[in-house]
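**Q**
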Amino acid sequence: MLKNKLTTLLLLNGAMVAAPVYADDWSGEGEFGFTSTSGNTDSQTLNAKLGINKKSGNWNHAAKVESLKSSNSGVDSADVFVFTEKSEYRFAEKTFAYGKLRHEQDKFSGFDHQSIISFGAGHVFIDGGKNYLEASAGVGYRDLETDEGVKEQEAVLDGEIKYAYKISETSKFNQNLFVESGSSNTYTKSETFLKLVIVGNLGAKFSYEIKNNSDVPVGTKNTDTITTVTLVYSF
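Final position of the sequence shown in the working numbering is 974; the numbers increase by one with none missing.
Shown next, in the form of structure tokens:
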């Protein structure tokens, strides 16, 4: 299964690099990382992300697919798939309303899936010099199911903070924090990463991610951490 996913993602990356140049209102970014060890330890880890953005007037649409797959001696140790789509409408220079969809499947989180649709508003507090700071908050509806088959549908509050610091023309530091809270579970995700330009549109990304679920089934840990190093291609 991992080899099949690797082959597919390599083909997608190849097609992406060979694709024609998009119009100015389209942009995107693909990430890919793969590690394989053999001998005393036989393990494989595949990490891939693909995001696409489109701007049209006051609208900005962003969609992203993320996949993490890891196995040790043929036994899966991580299996994550995430899809997000967010549409923003700027009704002022730095203020926007948004609608968002998120679907996550994490085989080892204790949840079969968590899906949410939410609506809210946000504001860009800093956008000048080397710093960027944005915050948003909203309300929504979540559908989740645990590995034990327990299903919940509930109202949720969500909030997000994005901070970026431009170190130089070829390097940038980012810190993102996302919280989604309902009566049955509070989901928190923190992502810290450093992006470096290697040459042209090709770069590298060093990322540390923390995910926490406040209420999980018995035998499941609340917190997962993921450290990745990936190649990044911007288009």
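Ideal Cβ positions, reconstructed from N, Cα and C, are used throughout, including at glycine.
#1: Taking contact to mean 3 or more Cβ pairs, one atom from each stretch, closer than 8 Å, check whether the stretch 904–915 and the stretch 872–887 are in contact.
#2: Could you compute how far the alpha carbon of residue 968 sits from the alpha carbon of residue 936?
#3: Output yes or no for whether 8 Å exceeds the beta carbon distance between residue 783 and residue 812.
#4: Can at least three beta-carbon pairs, one atom from the stretch 922–931 and one from the stretch 817–830, be found at a separation below 8 Å?
#5: One question on the structure: do residue 886 and residue 850 come within less than 8 Å of each other, judged by their Cβ atoms?
#6: Identify, in the order they occur along the chain, each residue of the same chain with its Cβ nearer than 6 Å to the Cβ of residue 794, setting aside the five sequence neighbours on each side.
#7: Is residue 924 helix, strand or coil by DSSP?
#8: According to DSSP, is residue 955 part of a helix, a strand, or is it coil?
#9: Write down the C-beta distance between residue 837 and residue 824 rounded to the nearest angstrom, noting that I regard them as a contact closer than 8 Å.
#10: Alpha carbon to alpha carbon, what distance is there between residue 790 and residue 867?
#11: Going by Cα to Cα distance, which pick from 854, 841 and 798 is closest to residue 831?
#12: So, for residue 910: in the same chain, excluding its five sequence neighbours on each side, which residues have a beta-carbon less than 8 Å away from its beta-carbon?
**A** Result, derived from the coordinates:
#1: No, the stretch 904–915 is not in contact with the stretch 872–887.
#2: Separation of residue 968 and residue 936 (C-alpha to C-alpha, rounded to the nearest whole angstrom) is 14 Å.
#3: Residue 812 is positioned such that its CB atom lies no closer than 8 Å to that of residue 783.
#4: Not touching, per the Cβ criterion.
#5: The answer is yes: Cβ separation under 8 Å.
#6: The residues are 764.
#7: Three-state result, residue 924: coil.
#8: Coil, per DSSP.
#9: Between residue 837 and residue 824 a beta carbon distance of about 11 Å is seen, past the 8 Å cut, so the two are scored as non-contacting.
#10: Rounded to whole angstroms, residue 867 to residue 790 spans 24 Å at the Cα level.
#11: Of 854, 841 and 798, the residue nearest in Cα terms is 798.
#12: Closer than 8 Å at the Cβ level, and outside the excluded window around residue 910, lie 933, 934, 935 and 936.
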